[in-house]
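So the sequence lines, in the order shown, correspond to chains Z and X.
The first sequence maps to residues 1 to 114 in my numbering.
The second sequence maps to residues 1 to 109 in my numbering.
Read the structure below first, then the notes.
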Amino acid sequence: AQSVSQHNHHVILSEAASLELGCNYSYGGTVNLFWYVQYPGQHLQLLLKYFSGDPLVKGIKGFEAEFIKSKFSFNLRKPSVQWSDTAEYFCAVNAHNAGNMLTFGGGTRLMVKP
Amino acid sequence: NAGVTQTPKFHILKIGQSMTLQCTQDMNHNYMYWYRQDPGMGLKLIYYSVGAGITDKGEVPNGYNVSRSTTEDFPLRLELAAPSQTSVYFCASRDYGYTFGSGTRLTVV
């Protein structure tokens, strides 16, 4: 079965600091990869996704992620965070042979100090 | 275009009671999903459906039931509620990407 690991459960940064959130998955086949953001009290919103092609994916709000197949990783990055980026971030994987199921990591709670 | 609509937004249920969480989408998506979200655990798939009349179990189906009589509706039923079912429940539908509802915060006391 596929699984997704997010190793950082809580991250605290100051505004303008750079961000990198780790995501590793365990599945050897073809995958689709996603990052979602959940602002306090709200539902999940898609930040970016990777289906195929360029492994460096750019999403909304200045976020990007890089798919490194050899490392089974899909880390999320942002060069300069803002206070408004305070939220919980979820990595998710949809394996092509996994019955249409989206598997989520445990989430990373990001707090950006003004 | 409302997307995915969940009702209610909040509910308190007593142990042993039953209730149905409603989910409706107006995007004509075939795939629909129910997840529960618990702190530090991410989202766990409860049930999913690939089309009207077809449902299947996810990772954590025990204590829940679903039905999919129409493309639009995918209700989640809790029978004999237990405190372990206290959670936030999200419904989602999928075409090329997933669209999530705003969630139902359920407390079982």
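Idealized CB from N, CA, C, for every residue including glycine.
Restricting to runs no shorter than 3 residues, where is the beta strand (DSSP E) found entirely within the segment 26 to 80 of chain X?
31 to 38, 42 to 51, 54 to 57, 64 to 66, 76 to 78
Beta-carbon of residue 43 of chain X versus every beta-carbon of chain Z: anything under 9 Å? yes
- Which partner residues of residue 12 of chain Z appear in the DSSP bridge assignment? Z:111
| query | Is it true that the segment 57 to 65 of chain Z meets the segment 33 to 48 of chain Z, where meeting means three or more beta-carbon pairs spaced less than 8 Å apart? | reply | yes
- Task: For residue 92 of chain X, decide whether its Cβ has a neighbour in chain Z, counting only Cβ atoms nearer than 9 Å.
- Result: yes
Check the Cβ of residue 64 of chain X against every Cβ in chain Z and list those closer than 8 Å, keeping chain order. Neighbours of residue 64 of chain X on chain Z: none; closest Cβ ~16 Å, over 8 Å.
Segment contact flag, the segment 2 to 10 of chain X with the segment 91 to 110 of chain Z, C-beta cutoff 8 Å, min 3 pairs: no
| query | Per DSSP, what kind of secondary structure is residue 15 of chain X in: helix, strand or coil? | reply | coil
Query raised in the report: According to DSSP, what are the bridge partners of residue 49 of chain Z?
Result: Z:34
* To do: Closer than 7 Å by beta-carbon distance: list the chain Z residues that pair up with residue 100 of chain X, in chain order.
  => 43, 44
Nearest to residue 32 of chain Z (by Cα), restricted to the options Z:42, Z:91, Z:40: Z:91
>> At a CB distance below 9 Å, what residues from the segment 21 to 48 of chain X approach chain Z? Give them in sequence order.
In response: 31, 33, 35, 37, 39, 40, 41, 42, 43, 44, 45, 48
Identify the contact partners of residue 103 of chain X in chain Z, using a Cβ-Cβ distance below 7 Å as the criterion. 43
Item to check | N- and C-terminal bounds of the beta strand (DSSP E) containing residue 91 of chain Z | outcome: 87 to 95
| field | Below-9 Å beta-carbon distance, residue 103 of chain Z vs any chain X residue | value | yes
### Query
Helix, strand or coil: how does DSSP classify residue 73 of chain Z here?
strand
* Name the chain Z residues that come within less than 7 Å of residue 58 of chain X, Cβ to Cβ? -> 101
Presumed contact (8 Å Cβ cut-off) between residue 33 of chain X and residue 45 of chain X, rounded CB distance: 6 Å
Margin query: So for residue 85 of chain X, helix, strand or coil by DSSP?
Written below: helix
Nearest candidate by alpha-carbon position, reference residue 78 of chain Z, set Z:95, Z:40, Z:4, Z:35: Z:35
Report task. Report the option in Z:93, Z:37, Z:83, Z:80 whose CA atom is closest to the CA atom of residue 100 of chain X. Result -> Z:37
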